[in-house]
DNA sequence: ACAAGTGTACTTGTATACAAGTATTATAAA
DNA sequence: TTTATAATACTTGTATACAAGTACACTTGT
C-alpha cells in the first residue's frame, strides 16, 4: 500500500499488520481527529483509490470501524459517526464499568506479579514523558490498562476491551500529542494518578482505586477540544511524529 | 448459497441477510451446539466448499465469529474456541454488568413507554410458550433484554450488547429447544422472572431487579449440559424446526 | 413549466485469480 | 535408522471481475 503523505497513525506500530489493518488504523485516526468529518459518506471505491489498494482490505477496514461504532454501514456507503463529547463520555462509562469489575476480581487474587509489571510500565511512561515522546507515552498508557484487564483472565471482559481499545488508542494518541505541546505540566499529574492506581491494587484499596480511576477520567474532560486543537495543529503541519 | 441439509439457524431470521451473515449464523450455531468441536481448525477453502460459496463471505463470517470470541484467527486456519461453562458464566458476568448499569440509568428516566413495550413482548413470549415455539420464544427473550438496553440510548453499551448478542442468541436458541422438549415446566418460571423484571423497572426497585436478573441467570446454570443434550437431539434428528 | 420515465453512473456483494508464505511429506544421504 | 533437504499441497492476503441494485440526472411528453 503506497500511503499518501502525512500518516496520522505511528508507522512502527504497523510492522507486521495487514493492509486492511493499516487502512483501518489510518482511517480511524482521520475520523477521530476530525480530519474526516461526521456525516461524511465513504465509498469503498473512492477509499481504494485514495489508499491505492483494492477493495478487499478496504471492506475489511470498514467492517472493523463499523464494529467500533465510529462509522455506520448503510445501503449506499459508510457514514462517518466519529466521536463527540457524548461518545467519549460513554467510552469512559464503559471503562469505569469494566475496570471496576476487574478490580473486584483483583482484590481476591495475588497481585504481586501484576504490580511488578505495572511498575515497569510506569517507569516507561516516565521516560516517555522525559523525552516528550507522545506516541510512546500513549502506547504505555494503553498497555497499562490492558495489562490490568488481562490479568484476571476473563475472556469476555477482554473482548469488550478489545472492541474499545482501537478507538481509545487513537483518542489518547491525538490527545497526548496536543498536551505534550500545550500542556506538558499535565503529565506529572497523569503519572501520579497511575501511581495511585498501582498503589490501590497493591493495597487492594477499593476507594483509592475508584478515586484514581475518576481522577484519570476527569483528566480527559475537554477531550473533544483537544481533538479540535489536534486538528488545527495538523493544519499547521505540527505535531506529527512520523513522515 | 445452497445450504446443505439440516440448518440449525432459523431460516426466516435470515430473510434479507447477506451470504456472509448466513454463513456466520449457521457456523455459530454449529460451534455453540458442539457440532463443530472445540479445537477444530477451520479452513476458508474447506468452508467455502462445504457451503458452496466463495471465500469472500466465508472470510467475512470468520472475522465476525472471531470478534465474538468463539473462534481464534491464526496464521494457518481458524481454531474453534466455542463455549465452555466458563465462557457462559463470563457472558452472564457481562450481561449482569451492563444490565445493572442500564438499570441505574433507568431509575432516573420515565419508563412508561418501555414498560408498555416490555409487556407486549412478554405477551408474545407467553404465546410462544403456549404453542411450544422455541425459536419464537428465544427471539422474544433476546428482544426483551435488547429493548431494555436500547432504551437508555447509550451507544457504547449497545455496542457491547451487539457483540454479545449473536452468541447469546444461539445459546438461548439451542437451550430453549431442548427445554421445550424436556423441561417444559421451566417456562412458567422463566416468564415469571421476566414479569418480576418488568415490575422492577416499573417500580424502580433496584433489589427486585437484581433478584430477577439473578433468578434469570441461575436459570441457565447447566447451560453446557443443555447444549450437550441439544447435540444428542440433533444426532437423533429431533428438535430442528426448519428443513 | 412540470411530471413521468429512461438511461447512466454510481453503489455494494460475491466469485475468481494470483501471489507469498508455511507445514508437511517424501526423498535422499549419512 | 535418522537427519537434512526439497518438493508439494494447502494456507491466508490482496487484486480484479462480474452481477445486481440504487440514486440521480436528463430527456421526453404533456
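Chains as they are written, first to last, in the UniProt record's numbering: chain A, 1 to 243; chain B, 1 to 243.
Every residue, glycine too, gets a C-beta built ideally from N, C-alpha and C.
- Task: Compute the beta-carbon to beta-carbon distance between residue 186 of chain A and residue 10 of chain A, rounded to the nearest angstrom, for a pair I have assumed lies under 8 angstroms.
- Result: Mapped onto the first chain, residue 186 of chain A falls at position 186. Mapped onto the first chain, residue 10 of chain A falls at position 10. Incorrect: roughly 21 angstroms between the Cβ atoms, too far for contact.
- Query: Does DSSP classify residue 239 of chain B as helix, strand or coil?
  - Reply: The count along the second chain starts at 1 and reaches residue 239 of chain B at position 239. Below a pLDDT of 50, predicted positions are generally treated as unreliable, and residue 239 of chain B, at 43, falls in that range; the measurement from the model is reported next regardless. The answer is coil: DSSP assigns residue 239 of chain B none of H, G, I, E or B.
- Query: How is the beta strand (DSSP E) around residue 14 of chain B delimited, first residue to last?
  - Reply: For the purposes of this step, residue 14 of chain B is taken as the residue at position 14 of the second chain. Residue 14 of chain B -> no beta strand (DSSP E), and no H or E assigned at all.
- Task: Kindly list, in the order they appear in chain B, the residues whose Cβ is closer than 8 angstroms to that of residue 90 of chain A.
- Result: Here residue 90 of chain A refers to the residue found at position 90 when the first chain is read from its first residue. Residues of chain B passing the Cβ test: 154, 155, 156, 157.
- List the residues of chain A whose Cβ lies closer than 7 angstroms to the Cβ of residue 67 of chain B, in chain order. Within the second chain, the letter at position 67 stands for residue 67 of chain B. The contacting residues are 67.
- Taking only beta-carbon atoms, is residue 160 of chain A less than 8 angstroms away from chain B? Sequence index remark: in the first chain, residue 160 of chain A carries index 160 (1-based). Taking Cβ atoms only, chain B reaches closer than 8 angstroms to residue 160 of chain A, which makes this a yes.
- Pull up the distance between the alpha-carbon of residue 89 of chain B and that of residue 113 of chain A, whole angstroms please. Taking the second chain and counting its residues from 1, the one referred to as residue 89 of chain B is at position 89. Taking the first chain and counting its residues from 1, the one referred to as residue 113 of chain A is at position 113. Distance between the alpha carbons of residue 89 of chain B and residue 113 of chain A: 26 angstroms.
- Item | Proximal chain B residues relative to residue 75 of chain A, where beta-carbon distance stays under 8 angstroms | The sequence position of residue 75 of chain A within the first chain is 75, counting from 1. Here the premise fails: no neighbours, minimum Cβ distance about 11 angstroms.
- Count the other CB atoms within 10 Å of the CB of residue 194 of chain A; is the residue buried (16 or more) or exposed (fewer)? Here residue 194 of chain A refers to the residue found at position 194 of the first chain. Result: buried.
- Message: With a threshold of 8 angstroms, are at least 3 pairs of Cβ atoms found where one atom belongs to the region 14-34 of chain B and the other to the region 57-69 of chain B?
- Response: yes
- Item | Cutoff 8 angstroms: residue 94 of chain B Cβ touching any chain A Cβ | In the second chain, counting from the first residue as 1, residue 94 of chain B sits at position 94. Judged by the 8 angstroms Cβ criterion, residue 94 of chain B is in contact with chain A.
- Task: Go ahead and pull the three-state DSSP assignment for residue 245 of chain A.
- Result: Absent from the structure is residue 245 of chain A, since the part of chain A shown begins at 1 and ends at 243.
- Tell me whether residue 9 of chain B sits in a helix, a strand or coil according to DSSP, three-state version. Walking along the second chain from the start, residue 9 of chain B turns up at place 9. Coil.
- Task: Would you decide whether residue 74 of chain A is buried or exposed? Buried here means 16 or more other CB atoms lie within 10 Å of its CB.
- Result: As a position in the first chain, residue 74 of chain A is number 74, starting the count at 1. Answer is exposed; the Cβ neighbour count stays below 16.
- Message: For residue 79 of chain B, report the span of its alpha helix (DSSP H) as first-last.
- Response: For this step, residue 79 of chain B is matched to residue 79 along the second chain. Premise fails: residue 79 of chain B lies in the beta strand (DSSP E), 78-80, not in any alpha helix (DSSP H).
- Query: Do you know offhand how far residue 12 of chain B's Cα is from residue 103 of chain B's?
  - Reply: Numbered from its first residue, the second chain carries residue 12 of chain B at position 12. Numbered from its first residue, the second chain carries residue 103 of chain B at position 103. Each residue's Cα considered, the two are about 32 angstroms apart.
- Query: Can you list, in chain order, the residues of the UniProt domain "HTH gntR-type" (17-83) of chain A whose Cβ is nearer than 9 angstroms to any Cβ on chain B?
  - Reply: 56, 59, 60, 63, 64, 67, 68, 69, 81
- Item | Sub-8 angstroms separation of residue 39 of chain A and residue 228 of chain A beta-carbons | Taking the first residue of the first chain as position 1, residue 39 of chain A is located at position 39. Taking the first residue of the first chain as position 1, residue 228 of chain A is located at position 228. In this structure, residue 228 of chain A does not lie closer than 8 angstroms to residue 39 of chain A by Cβ.
- Query: What residue from A:127, A:96, A:140 has the CA that sits closest to residue 117 of chain A's CA?
  - Reply: The sequence position of residue 117 of chain A within the first chain is 117, counting from 1. For the residues A:127, A:96, A:140, the minimum Cα distance to residue 117 of chain A belongs to A:140.
- Message: For residue 129 of chain A and residue 176 of chain A, I'd like the C-alpha separation in whole angstroms.
- Response: Taking the first residue of the first chain as 1, we reach residue 129 of chain A at position 129. Taking the first residue of the first chain as 1, we reach residue 176 of chain A at position 176. For residue 129 of chain A and residue 176 of chain A, the distance between alpha carbons rounds to 10 angstroms.
- Going along the chain, which residues of its own chain have a beta-carbon closer than 6 angstroms to the beta-carbon of residue 83 of chain B, five neighbours each way excluded? Position 83 of the second chain, counted from the start, is the residue given in the question as residue 83 of chain B. These residues qualify, in order along the chain: 32.
- Message: Please tell me whether residue 94 of chain B and residue 148 of chain B are closer than 8 angstroms, where the distance is taken between their beta carbons.
- Response: For the purposes of this step, residue 94 of chain B is identified with residue 94 of the second chain, where counting begins at 1. For the purposes of this step, residue 148 of chain B is identified with residue 148 of the second chain, where counting begins at 1. Not in contact: residue 94 of chain B and residue 148 of chain B (Cβ atoms no closer than 8 angstroms).
- Task: Tell me the start and end of each unbroken alpha helix (DSSP H) in the region 153-219 of chain B that is at least 4 residues and wholly inside, in chain order.
- Result: 155-182, 186-203, 206-218
- Query: chain A partners of residue 101 of chain B, CB-CB under 8 angstroms?
  - Reply: Position 101 of the second chain, counting from 1, holds the residue named residue 101 of chain B. What residue 101 of chain B touches in chain A: 93, 97.
- Message: To the nearest angstrom, how far is the alpha carbon of residue 55 of chain A from that of residue 77 of chain A?
- Response: Sequence index remark: in the first chain, residue 55 of chain A carries index 55 (1-based). Sequence index remark: in the first chain, residue 77 of chain A carries index 77 (1-based). So the two alpha carbons sit approximately 13 angstroms from each other.
- Buried or exposed: where does residue 15 of chain A fall if 16 or more other Cβ atoms within 10 Å of its Cβ makes it buried? Along the first chain, one-based indexing puts residue 15 of chain A at 15. Exposed, since its Cβ has fewer than 16 Cβ neighbours within 10 Å.
- Query: Going by the CB atoms, is the gap between residue 206 of chain B and residue 107 of chain B shorter than 8 angstroms?
  - Reply: Mapped onto the second chain, residue 107 of chain B falls at position 107. Mapped onto the second chain, residue 206 of chain B falls at position 206. Yes, Cβ-Cβ distance for residue 107 of chain B and residue 206 of chain B is below 8 angstroms.
- Which residues of chain A have a Cβ atom closer than 8 angstroms to the Cβ of residue 163 of chain B, listed in chain order? The residue labelled residue 163 of chain B in the question sits at position 163 within the second chain. Chain A residues near residue 163 of chain B: 67, 159, 160, 163.
- Is residue 245 of chain A close to chain B, meaning its C-beta is less than 8 angstroms from at least one C-beta of that chain? Any answer about residue 245 of chain A is impossible in this case: the structure gives chain A only from 1 up to 243.
- Just confirm the distance between the C-beta atoms of residue 28 of chain A and residue 70 of chain A, as a whole number of angstroms; I'd bet it's less than 8 angstroms. Translated into positions along the first chain, residue 28 of chain A becomes position 28. Translated into positions along the first chain, residue 70 of chain A becomes position 70. Confirmed, about 7 angstroms.
- Item | residue 81 of chain A, buried or exposed, once every other Cβ within 10 Å from all chains shown has been counted against 16 | For this step, residue 81 of chain A is matched to residue 81 along the first chain. Under this definition residue 81 of chain A is a buried residue.
- Task: Return the residue from the list A:174, A:180, A:202 that minimises the CA-CA distance to residue 7 of chain A.
- Result: Locating residue 7 of chain A in the first chain gives position 7, counting from the first residue. That would be A:174, whose Cα lies nearest to the Cα of residue 7 of chain A.
- Going by beta carbon distance, what residues of the same chain come within less than 6 angstroms of residue 138 of chain A, once the five residues before and after it are set aside? Here residue 138 of chain A is taken as the residue at index 138 of the first chain, counted from 1. For residue 138 of chain A, where only same-chain residues beyond five positions count, the Cβ hits under 6 angstroms are 172, 173, 176.
- Name the DSSP bridge partner or partners of residue 121 of chain A? Here the question's residue 121 of chain A lines up with position 121 in the first chain. DSSP, once it has assigned bridges, lists no residue as partnering residue 121 of chain A.
- Leaving out the 5 sequence neighbours to the left and right, which residues in its chain are closer than 8 angstroms to residue 158 of chain B when beta-carbon positions are compared? In the second chain, residue 158 of chain B corresponds to position 158, counting from 1. Result list for residue 158 of chain B: 149, 150, in chain order.
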